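Numbering (this note's numbering), first residue to last: 1 to 291. The C-beta atom is built at its ideal place from N, Cα and C for all residues, glycine as well. The structure presented is a predicted model; accordingly, all values stated were derived computationally and were not measured.
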Amino acid sequence: MRNEHQSDAQAFILCGLFKYMHKHKQTQRNMYLTDLTDAQKEYIKGTILMDNWRSKYDFFLILDAIIYIDVSGCQWRLLPEEYPKWQTVYYYFRRWGAMDAFSELEDSLVEKVRLRRGESPHPTIGAIDSESSRSALPRSQKGFDGNKKVKGVKRNIITDKDGDILEASTTPANIHDSKSAYALVAMLVVAFPWIRRIYADRGYRGNFIEEAKHDFGIDIEITHSNYSGQFVPAKKRWVVERTFAWLENFRRLCRNYEETTESSNEMLMVAAVVITLRKLTSVNNRFLTSS
Numbered sequence: 001m002r003n004e005h006q007s008d009a010q011a012f013i014l015c016g017l018f019k020y021m022h023k024h025k026q027t028q029r030n031m032y033l034t035d036l037t038d039a040q041k042e043y044i045k046g047t048i049l050m051d052n053w054r055s056k057y058d059f060f061l062i063l064d065a066i067i068y069i070d071v072s073g074c075q076w077r078l079l080p081e082e083y084p085k086w087q088t089v090y091y092y093f094r095r096w097g098a099m100d101a102f103s104e105l106e107d108s109l110v111e112k113v114r115l116r117r118g119e120s121p122h123p124t125i126g127a128i129d130s131e132s133s134r135s136a137l138p139r140s141q142k143g144f145d146g147n148k149k150v151k152g153v154k155r156n157i158i159t160d161k162d163g164d165i166l167e168a169s170t171t172p173a174n175i176h177d178s179k180s181a182y183a184l185v186a187m188l189v190v191a192f193p194w195i196r197r198i199y200a201d202r203g204y205r206g207n208f209i210e211e212a213k214h215d216f217g218i219d220i221e222i223t224h225s226n227y228s229g230q231f232v233p234a235k236k237r238w239v240v241e242r243t244f245a246w247l248e249n250f251r252r253l254c255r256n257y258e259e260t261t262e263s264s265n266e267m268l269m270v271a272a273v274v275i276t277l278r279k280l281t282s283v284n285n286r287f288l289t290s291s
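Structural data, given as structure tokens:
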């Protein structure tokens, strides 16, 4: 009888220990270099992403998992077990994307990082550019960029003079820059109506310049690269090219692994949020420079 009581007691203790370890595992933070710091989380609290949060999972654990996918480039089904199930994480990624939550979060973070630099929160100057990326999935939305010889998608972004992303869109790669630029500027003036001038390359020549001036009151200035046999940053437009270089550190963006252009654009905006958060908190970009 005594041995039975001892066995029951040991089983009870082991059960309690297992529950404690499981709970501790679920609440553990900063397991990976991609996880947000406490300082970065403070900038997100109170935003649209956290409105009426009712999930049994910790909000930041879900967000950390999405960032991990974006930075590492791994498949959803290969998400580490420290995070919730990939189906749960993917559900919130698509849900927040449908709400345009990542774009709204980036807008608020850009205002804060500009204030931190001693600038006006309302940018008046921007730079626009695009980049084509090959698609890895045969069934994904894509087109052929005849200029770059790339079959995939085209990412279009507008940044402020410091390279912070103000607006972004993703289209099939066959859509010409000047065609997608009009829709992009139309979205830009809703969030940042103070923009008065945008620097662009020669791909944006044509009717787009007149349409942007007539419909939005924005001057499109074409800047020319003084090519002399080596790379020379384009005057006033080099910041947007640098931003594309930052985005290449997110391996999910090195190729397009999304089935829809909407999902691809949300991955871009997640990366934009991470970059801006790290600017705000002056965090060493270890995962952005590692091999």
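(request) Grab me the residues of V270's own chain with a C-beta within less than 7 Å of its C-beta, minus the 5 sequence neighbours each way, in chain order. (result) For the purposes of this step, residue 270 is identified with residue 270 of the sequence shown, where counting begins at 1. Counting only Cβ-Cβ distances below 7 Å, and skipping sequence neighbours, we find I66, I67, D70, F102.
(request) Taking R155 as part of the beta strand (DSSP E), name the residues at either end of that continuous run. (result) In the sequence shown, the residue the question calls residue 155 occupies position 155. Start and end: 150–160.
(message) Rounding to the nearest angstrom, what Cα-Cα distance links Q26 and T47 in this structure?
(response) For the purposes of this step, residue 26 is identified with residue 26 of the sequence shown, where counting begins at 1. For the purposes of this step, residue 47 is identified with residue 47 of the sequence shown, where counting begins at 1. Model confidence at Q26 stands at a pLDDT of 46, short of 50, so the residue's coordinates are unreliable and nothing is read from them.
(request) Can you grab the Cα-Cα spacing for the pair Y90 / H176, in whole Å? (result) Along the sequence shown, read from residue 1 onward, the residue named residue 90 stands at position 90. Along the sequence shown, read from residue 1 onward, the residue named residue 176 stands at position 176. The straight-line gap from Cα to Cα measures roughly 31 Å.
(message) Do K148 and S132 count as a contact pair if the criterion is CB distance below 9 Å?
(response) As a working mapping, residue 132 is identified with position 132 in the sequence shown. As a working mapping, residue 148 is identified with position 148 in the sequence shown. Cβ atoms of S132 and K148: closer than 9 Å.
(request) Verify whether the separation of the beta carbon atoms of A168 and L280 is less than 9 Å. (result) Numbered from its first residue, the sequence shown carries residue 168 at position 168. Numbered from its first residue, the sequence shown carries residue 280 at position 280. No; because the gap between Cβ atoms is not below 9 Å, this pair is not in contact.
(request) Work out the CA separation of G152 and P138 for me, nearest whole Å. (result) One-based indexing of the sequence shown puts residue 138 at position 138. One-based indexing of the sequence shown puts residue 152 at position 152. Note on geometry: alpha-carbon atoms of P138 and G152 lie some 10 Å from one another.
(request) Check the DSSP bridge columns for F144 and list the partner residues they point to. (result) Position 144 of the sequence shown holds residue 144. In DSSP, F144 forms a bridge with K151.
(request) Express the C-alpha separation of F244 and G206 in angstroms, rounding to a whole number. (result) For this step, residue 206 is matched to residue 206 along the sequence shown. For this step, residue 244 is matched to residue 244 along the sequence shown. Spanning the two alpha carbons is a distance of roughly 24 Å.
(request) Alpha carbon to alpha carbon, how far is I275 from Y57? Give it in angstroms, no decimals. (result) Position 57 of the sequence shown, counting from 1, holds the residue named residue 57. Position 275 of the sequence shown, counting from 1, holds the residue named residue 275. About 25 Å.
(message) Please state the DSSP three-state secondary structure of D164.
(response) Taking the first residue of the sequence shown as position 1, residue 164 is located at position 164. Note: D164 maps to coil in three-state DSSP.
(message) Taking the alpha helix (DSSP H) that E81 belongs to, which residues open and close that run?
(response) The count along the sequence shown starts at 1 and reaches residue 81 at position 81. Per DSSP, E81 is not a residue of any alpha helix (DSSP H), being assigned neither H nor E.
(request) Could you tell me whether any non-hydrogen atom of the ligand FMN is closer than 8 Å to the CB of Y91? (result) By its list of ligands, the structure shown contains no ligand whatsoever, and the ligand FMN lies outside what it can speak to.
(request) Can you have a look at V273 and say buried or exposed, based on whether 16 or more other CB atoms are within 10 angstroms of its CB? (result) Taking the first residue of the sequence shown as 1, we reach residue 273 at position 273. In this structure V273 is buried. Its beta-carbon is surrounded by 16 or more other beta-carbon atoms within 10 angstroms.
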